[in-house]
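To keep things clear, I will list the structure first and then write my remarks on it.
2 protein chains.
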Amino acid sequence: MPPAPSKMSASGNRIANETDLIQTYLAPLTRGAPGAFELRDDAALIAPEPETDLVFTSDPIIAGVHFFPTDNPADIAWKALAVNASDLAAKGAKPIAYMLNLALPEPPTREWISNFANGLHAAQDRFGCHLIGGDTDMTPGPLSIGVTIIGAVPTGKFVRRQGAASGDHVFVTGTVGDSALGLRVHADPAAFPHLTADERAFLEDRYLRPTPRLALGEALRAHASAALDISDGLMKDLARLAGSLGLRLDFDLIPLSKAAASARAHDPAVAETILGGGDDYELLVAVPPAAIADFRNAAQAAGIAVSDLGALDANISLQIVDADGTPIAIERFGYDHFSRSAP
Amino acid sequence: MPPAPSKMSASGNRIANETDLIQTYLAPLTRGAPGAFELRDDAALIAPEPETDLVFTSDPIIAGVHFFPTDNPADIAWKALAVNASDLAAKGAKPIAYMLNLALPEPPTREWISNFANGLHAAQDRFGCHLIGGDTDMTPGPLSIGVTIIGAVPTGKFVRRQGAASGDHVFVTGTVGDSALGLRVHADPAAFPHLTADERAFLEDRYLRPTPRLALGEALRAHASAALDISDGLMKDLARLAGSLGLRLDFDLIPLSKAAASARAHDPAVAETILGGGDDYELLVAVPPAAIADFRNAAQAAGIAVSDLGALDANISLQIVDADGTPIAIERFGYDHFSRSAP
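In order, the protein sequences belong to chains A and B.
Just so you know, this note's numbering puts 157 at position 168 of the first sequence, and the rest follows in order with no gaps.
Just so you know, this note's numbering puts 287 at position 298 of the second sequence, and the rest follows in order with no gaps.
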């Protein structure tokens, strides 16, 4: 981790009380959500639309575990909301509101909280939701941001994680592995010196500002038998989607960005980062054979690239093979919060 | 804080992975909530009942701030859910589900997590809700439990915090100050030696196992103009309810338990703890004069004692007077998370 004079910021004047922090910096994020009562009540209200199921997910992020305490507060805020919106994207749901729990190691400076609120504002505008409530605490521990997001999906259209059948093809959106490589660039600017500055910046941005694939919602609801997002690594999340089914994955079918492909060309060990790293927030989608053409068309209409990784098969296990059919062994199958080190 | 060999528990075998913790100890808490998908999905689902608004509130509790890390894990779990259910109680809402975010400083022992799950089970059975989702993380900080609770209220019947009018009477449920005194007993078993062991145990239990006043929901929805729960101290929360209105509060109208009254008789300074302490999770309810008789009857039918603290008045400020009319000055008006010390 880069050295820093203070955990959050050494300069600027600090927020003196909770009400100031909430009313000055957070309450403006509720505009458009009357049920938030401008954060002046004990609770918030949502009047559900008819014919709608509500979808809930909650992924906190903690300094030293999911981000660096010295990161730009606008990036931290973006990521806190994005990782939650991504879970909704995988369910075919549309974000409508979120609760925010801030646990702060010290009263933040006005500069820090202002940047943090700006990052939240940018993210909620992009994802189409509003802040409706939450809580602010001082903590003896690290900065921790707990977001619980609430989404909406037409009744009965929630896309399950379990639901894939043998024969379904697994599609992945976008490109895989960029974020894990971006984390290495972010932690060590000298990493991957053979890449251009633009390529390194691209990878770092993928780590700092993931973009939930919300535009794919309609395609998922209409054509997917199951879906989830890649947060803990391609292989681990693929195993979750597959359940008891298997898949023979040709490594060359995994879509890579130009930067990731170049990194791998210089160092074959990068394959392990691509297979085991997480945080890309791309979607894995199981599609029955009869729906594949329609799914591809719907994804194209939504402007999202999708790649076919192959068919699930009840008679095989999950395996990865190289271009010549040689199995690739990976040591680390994915991320487990009980056996991890700091980012 | 009492000395302890380890932050959570020194004995027993530890949980080795996230899936074991979630599936063995937490998934059983979802029984009765099919939208939780046994915690095997990325998100949970609620199909709202017709003619229902959903109510959301989120109050995390952190070791060293809201409880002692050495506390009984069943008590910690109870409190984590109770403080959130209490916010719903104040809104006239009925708990239906909750999300749980556990941030653990180390993998817990089976004994610890089993007791924690038992405490959650007891609380959710009492409050009438189910676990539907959340997240588990390891953290370099203290144990932190983030609960976001979801309640239901008939459309348009949410009871606001702002809404009291001049002339409305303020009622308080139960007795005030027990929890703050119980905290002193909990931290120092030698506190209040003149009280009986039963009285000290009563106060400590009020601190450890607060009981949300959910049974008052119907009375609130029918008769209250505003309400909130006392989490940050009687005077601070009374000021929130009053808004721009004032109230001349006769200290002797504040309902005290036998134990609290006895503690005050021995030490008049206890009055400050009663006025400024929090965590009782009793409700403050504003009731228009015409509805007072009906409100009292409804509260009695619900089995909940309510006491009239006097009338809100647009022409005065909030003040506290002794039996002879002498104003009582208090130094600390209530709890602020930006200027607190450990519990």
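We treat Cβ as the ideally placed atom computed from N, Cα and C, and that holds for glycine.
Alpha helix (DSSP H) segment containing Arg115 (chain A), residue limits: 99 to 116
Alpha carbon of Ala254 (chain A) to alpha carbon of Thr144 (chain A), nearest angstrom: 47 Å
Proximal residues of chain C, C-beta to C-beta of Gly123 (chain A) below 8 Å: Structure shown: chain C not included; protein chains present are A and B.
Asn90 (chain A): contacting residues in chain B (beta-carbon distance under 7 Å): Ser47, Pro49, Gly135
Short CB-CB distance (under 8 Å) between Pro37 (chain B) and chain A: yes
Short Cβ contact (8 Å threshold) for Gly163 (chain A) with Pro84 (chain A): no
Below-8 Å beta-carbon distance, Gly53 (chain B) vs any chain A residue: yes
C-beta neighbour in chain A for Val74 (chain B), strict 8 Å: First, the amino acid is wrong: residue 74 (chain B) is Ala here, not Val. No, Ala74 (chain B) lies away from the interface with chain A (no Cβ there is under 8 Å from its Cβ).
Boundaries (first-last residue) of the beta strand (DSSP E) holding Ala247 (chain B): Going by the sequence as given, residue 247 (chain B) is Lys instead of Ala. Premise fails: Lys247 (chain B) lies in the alpha helix (DSSP H), 247 to 255, not in any beta strand (DSSP E).
Assigned exposure category for Gln289 (chain A) - 16 Cβ within 10 Å defines buried: exposed
Terminal residues of the alpha helix (DSSP H) in which Arg237 (chain A) lies: Not the alpha helix (DSSP H): Arg237 (chain A) falls in the beta strand (DSSP E), residues 236 to 239.
Interface residues of chain B facing Ala33 (chain A) [CB-CB closer than 8 Å]: Val44, Phe45, Thr46
Gly24 (chain A) versus Leu34 (chain A) - alpha carbon distance: 4 Å
9 Å Cβ cut-off: residues of chain A touching Pro131 (chain B): Thr128, Pro129, Gly130
Which residues DSSP lists as bridging Asp35 (chain A), in chain order: Here the sequence assigns Ile to residue 35 (chain A), which means Asp is not the residue at that position. According to DSSP, Ile35 (chain A) bridges with B:Leu43.
Outcome for Arg189 (chain B) when other beta-carbon atoms lying within 10 angstroms are tallied against a minimum of 16: buried
Whole-Å CB distance - Ala303 (chain B) paired with Ser103 (chain B), under 8 Å assumed: Their Cβ separation, rounded to whole angstroms, is 54 Å, which puts Ala303 (chain B) and Ser103 (chain B) out of contact at 8 Å.
Residues of its chain near Ala(-1) (chain A), where Cβ-Cβ distance is below 6 Å and the 5 sequence neighbours each way are ignored: Note that Ala(-1) (chain A) scores a pLDDT of 46, beneath 50, so its modelled location is shaky; the value from the coordinates is reported in the next line. Excluding residues within five positions, none has a Cβ falling inside 6 Å.
DSSP state of Ala25 (chain B) mapped onto helix, strand, coil: helix
Closer than 8 Å to chain B by CB, Lys19 (chain A): It is Thr, not Lys, that sits at residue 19 (chain A) in the sequence shown. So, not an interface residue.
Meets three-Cβ-pair contact criterion under 8 Å: the stretch 259 to 274 of chain B and the stretch 215 to 234 of chain B: yes
Per-residue burial, Leu91 (chain A) [other beta carbons within 10 Å of its own, 16 or more giving buried]: buried
Nonlocal neighbours in the same chain, by C-beta distance under 8 Å from Ala63 (chain A), ignoring five residues either side: Asn104, Phe105, Asn107, Gly108, Ala111
Nonlocal neighbours in the same chain, by C-beta distance under 6 Å from Asp283 (chain A), ignoring five residues either side: His212
Near-chain B residues of the stretch 139 to 162 of chain A - C-beta to any C-beta below 9 Å: Ile139, Gly140, Val142, Thr144, Gly145, Phe147, Arg149, Arg150, Gln151
Proximity winner among A:Thr46, A:Leu227, A:Ala5, A:Phe57, relative to Ser133 (chain A) (alpha-carbon distances): A:Phe57
Cross-strand partners of Ala92 (chain B) (DSSP beta bridge): B:Asp126, B:Ser133
8 Å Cβ cutoff, Arg29 (chain A) in contact with chain B: yes
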